[in-house]
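Using UniProt numbering, the final residue of the sequence shown is 189, and nothing's skipped along the way. Don't be surprised by glycine CBs; every beta carbon is placed ideally from N, CA and C.
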Amino acid sequence: MARHQQCFNCSSTSPTDRSLDADNFPKPTTFFPSVAETTLHNAGTYLCLLKNFFPDVIKIDWKEKSGKTIPQSQQGNTMKTKDTFMKFSWLTVRGASMDKEYKCVVKHERNKGRVDQEILFSSQIKELTAITSTKYSLKDKNDLLQQQLMNTSAYYTCLLLLFKSLVYSVVITFYLLERPAFCGNGKSS
């Protein structure tokens, strides 16, 4: 009986086929609390978005810059984007904790030099003081409301003037085009 040999060649392209030399360490994008959140709610949310990393195993912690205290933070699920991954983590601080500086510590096997990546988030109170000293004060809600009302009024005034100009142009155009008809057909009386 003849012996049959079969050869199967299964291949697929998956993220695990990526080159080991590729630059696949997590690239951070940071988001700071808004001025409104900090002023109105006396709280702030720091967000750290890590993207374009491979493999998907990653650990994210938050620490105070000056110590080893690990504040409570939240994380989203690791999500696949094409052939890399992304993940986000956020830290919400309130009251006196807003004076402190925080670090987002990222542990990933592809970090440069295999050292934990530390992303510094500066104190929002210091930043807010600098912003409010150079710009108008956001502490008074009436100032913000008054400015919004002025901008809205200016917008509607411009629209009204534009409409008035359009009507005026139509009237003048009609008058100029109809004028020869009112003058008669060249007969004098």
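Please return the same chain residues whose Cβ sits closer than 6 Å to the Cβ of residue i, not counting the five positions on each side in sequence.
i    : result
V93  : G44
M86  : K51 and M79
Q148 : none
K65  : E101 and K103
V167 : none
Let's test the definition: count the other Cβ atoms within 10 Å of the Cβ of residue i and tell me whether it reaches 16, buried, or not, exposed.
i           : result
V106        : buried
N24         : buried
C104        : buried
Y46         : buried
H41         : exposed
Q74         : exposed
I172        : exposed
T157        : exposed
residue 198 : Outside the displayed span of the chain (1 to 189) sits residue 198, for which this structure offers no information.
S137        : For S137, the predicted model reports a pLDDT of 49, less than 50, meaning its position is unreliable and no value from the coordinates is stated.
Let me check understanding here. Comparing Cα to Cα, which of the options lies closest to residue i?
i    : options                  : result
D61  : D143, G95 and F88        : F88
L91  : S66, F121 and Q117       : F121
G76  : C48, A154 and E101       : C48
I70  : E101, K82, D83 and L40   : E101
P55  : V35, P26, Y175 and V170  : P26
E109 : F53, R179, F32 and T81   : F53
A36  : L144, P28, I58 and G67   : L144
T29  : E178, R114, G95 and E118 : E118
K59  : N111, K82 and Y175       : N111
Tell me, please, which residues DSSP counts as bridged to residue i.
i    : result
I60  : V106
A43  : R94
L120 : K103
K51  : K27
K87  : L50
K80  : F85
Q74  : W90
Going by beta carbon distance, what residues of the same chain come within less than 7 Å of residue i, once the five residues before and after it are set aside?
i    : result
D116 : V105, V106 and K107
Y155 : none
Near residue i, which residues of its chain fall below 8 Å by C-beta distance, leaving aside the five closest residues on each side in sequence?
i    : result
V57  : H108 and E109
L176 : none
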